[in-house]
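Right, one structure below, let's go through it.
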Amino acid sequence: MRINIENFRNDLLNWYDEYARVLPWRSEPLPYYVWVSEIMLQQTRVEAVKPYFARFIKRLPTLKDLAEVDDDELRKLWEGLGYYNRVRNMKKCAIECMDKYNGFLPSAYEELIELPGIGSYTAGAIASIAYKEVVPAVDGNVLRVFSRLLASYDDIGKESTKKKFHTIIQEYVSKDRPDAFNQAVMEIGAMVCVPNSAPRCNICPIVSYCQAYETGKEHVLPIKEKKLKRRIEKRTIVVMVHDGKVVLRKRPQTGLLADLYEFINLEGYHTKKQLKELFNDSYTIKSIEKLPTSKHIFSHVEWHMHGYLIEVENVNDELLASITDVDERYAIPTAFKAYKDMLKHYIK
DNA sequence: AACCCGGGGTC
DNA sequence: GACCCAGGGTT
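Under the UniProt record's numbering, think of the first position of the first sequence as 1, with each following residue one higher.
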């Protein structure tokens with residue numbers, strides 16, 4: 001069966017006009033708002049993004065504000081969202097736009113995709129939603145929906161499949177309403193043709209075009225290769241306290257959780273005795289006590305943590321943070337949350 | 001093409 | 001425990 005694309009578009013857009021969710025970044029699709037929301041939404045659910053988006057736009061209302069904001073403050077605005085490279089690239093992108101594009105995001109897909117942090121999906125989303133360019137925006141939702149719609153057995157995890165779908169979907173995008181079309185397909189993916197559970201074909205406005213449904217394969221598709229297993233890392237977290245404050249260290253500029261702040265921590269598990277010997281050279285230890293264990297799961301690694309509270313009489317030119325600083329000033333990854341929460345119990 | 005990069009919802 | 005989310009960058 002060959003899909004009548006015009007009828008398909010109409011049915012999809014009519015459904016979208018009636019059932020689309022009301023989202024903060026949809027009410028006024030300024031390029032800056034669309035961009036910020038799309039970066040936040042990369043690998044992140046809508047509900048998680050909402051409060052971050054509101055706070056971010058309030059603090060940094062324009063692209064120029066973002067280009068000029070202090071890096072630590074910017075990371076604090078992103079604290080807890082994850083994939084912190086996104087916000088680093090956003091600032092780089094903002095500075096480049098101030099420099100090359102007179103303080104605006106460019107409108108063309110081909111220019112957008114050259115900017116830091118903007119790949120094929122995000123370029124398509126900004127170009128179509130903010131500037132009405134007729135171009136696809138192929139994300140995980142779109143891959144799932146079209147995989148079923150066309151009964152495709154291509155592995156949607158492969159880059160080649162994404163390119164193939166991008167080319168195919170170019171023919172589908174509405175010339176009049178590319179913005180609504182792209183968002184409608186994603187909306188179907190989020191609300192109807194859902195991940196992680198059975199597709200709701202009974203309420204799907206485009207089920208009559210769906211080749212997977214027609215052949216009873218909607219539960220088999222899409223095809224996606226399984227991911228590799230996580231490795232486990234043992235770490236020891238040292239909450240070092242002095243004078244009602246805690247020692248923080250800044251992580252390296254690259255790699256996992258780059259440039260964020262953290263408690264002192266060591267590879268592997270250590271005994272109280274080993275820690276005493278380790279820190280005795282640099283500190284005068286007043287007390288040392290064991291804290292509960294904690295576990296944090298990243299996408300590719302798991303931290304299994306042992307914790308100690310060490311109270312010292314001196315520090316050596318290190319960053320000491322009060323509870324207020326920890327809460328309001330320094331971006332600390334969620335991995336340390338268990339120990340961060342305990343802080344209020346030990347210092348005030 | 002394979003790997004790195006967070007955190008959380010949902011089954 | 002496994003999947004996967006409005007992905008992109010690096011090697």
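From the three backbone atoms N, C-alpha and C, an ideal C-beta is built for every residue, glycine too.
As the structure is a prediction and not an experimental result, all values here were calculated from the model.
Secondary structure at residue 332, three-state DSSP: helix, strand or coil? coil
What are the start and end residues of the beta strand (DSSP E) that includes residue 292? That run of the beta strand (DSSP E) goes 285-297.
Taking C-alpha atoms, which residue in 42, 101, 38 lies nearest to residue 64? 101
According to DSSP, simplified to helix, strand and coil, what is residue 177? coil
Which value, in whole angstroms, describes the spacing of the CA atoms of residue 108 and residue 131? 8 Å
Can at least three beta-carbon pairs, one atom from the segment 305-321 and one from the segment 237-253, be found at a separation below 8 Å? yes
Extent of the continuous alpha helix (DSSP H) to which residue 46 belongs: 46-59
On the CB-based measure, 16 or more other CB atoms within 10 Å of its CB, does residue 139 come out buried or exposed? buried
Whole runs of the alpha helix (DSSP H) within the segment 172-219, excluding any shorter than 4 residues: 178-191, 211-214
Proximity winner among 177, 135, 180, relative to residue 163 (alpha-carbon distances): 135
Neighbour-count burial assignment, residue 216, 16 or more Cβ in a 10 Å radius: Counting Cβ neighbours within 10 Å, residue 216 comes out exposed, since fewer than 16 surround it.
Might you give, ordered along the chain, the residues of its own chain that have their beta carbon closer than 6 Å to the beta carbon of residue 142, omitting 5 neighbours on each side? Here the set comprises 185.
Within 10 angstroms of its Cβ, does residue 308 collect 16 or more other Cβ (buried), or is it exposed? buried
Per DSSP, cross-strand counterpart(s) of residue 2: Beta-bridge pairing links residue 2 to no other residue.
Just to confirm, are residue 38 and residue 125 a CB contact at a threshold of 8 Å? The criterion of a C-beta distance shorter than 8 Å is satisfied by residue 38 and residue 125.
Spatial neighbours of residue 77 within its chain, please: C-beta separation below 7 Å, excluding the five flanking residues on both sides. 55, 56, 59
Measuring straight from C-alpha to C-alpha, what distance separates residue 274 and residue 280? 10 Å
Would you identify the three-state DSSP class for residue 258, choosing helix, strand or coil? coil
Would you grab the beta carbon distance between residue 233 and residue 249 for me? Rounded to a whole angstrom, and I think it's under 8 Å. 18 Å between Cβ atoms; not a contact.
Among residues of its own chain, excluding the 5 on either side of residue 189, which ones have a beta-carbon nearer than 6 Å to its beta-carbon? Sequence-distant Cβ neighbours of residue 189 in its own chain, meaning closer than 6 Å and more than five residues away, are 141, 144, 145.
Taking a contact to mean a Cβ-Cβ separation below 8 Å, would you say residue 181 touches residue 26 in this structure? no
Count the other C-beta atoms from every protein chain shown that fall within 10 angstroms of the C-beta of residue 363, then say buried if there are 16 or more, exposed otherwise. No statement about residue 363 is possible, as the shown extent of the chain runs from 1 to 348 and does not include it.
Would you list, in sequence order, the uninterrupted beta strand (DSSP E) runs of no fewer than 3 residues that lie entirely inside the segment 232-256? Within the segment 232-256, the runs of beta strand (DSSP E) that reach at least 3 residues and sit entirely inside it are, in chain order, 245-250.
List the residues that DSSP assigns as beta-bridge partners of residue 301. 231
Would the segment 34-51 count as touching the segment 69-88 if we require 3 or more Cβ pairs under 8 Å? Enough Cβ pairs lie closer than 8 Å, so yes.
Range covered by the beta strand (DSSP E) that runs through residue 343: Run containing residue 343: none in the beta strand (DSSP E); it sits in the alpha helix (DSSP H), 337-346.
Classify residue 353: buried if its beta carbon has 16 or more other beta carbons within 10 angstroms, exposed otherwise. Residue 353 cannot be examined here, being either before or after the span of the chain that is shown, 1 to 348.
Buried or exposed by the 16-neighbour rule on C-beta atoms within 10 Å, applied to residue 306: buried
Alpha carbon to alpha carbon, what distance is there between residue 36 and residue 4? 35 Å
Residue 192 and residue 210 - do their beta-carbons sit closer together than 8 Å? no
Starting from the Cα of residue 89, find the closest Cα among 343, 331, 40 and give me that residue. 40
Where in the segment 62-141 do unbroken runs of the alpha helix (DSSP H), each at least 4 residues long, occur, reported from the N-terminal end onward? Here the runs fully enclosed are 63-68, 71-78, 85-100, 109-112, 120-131.
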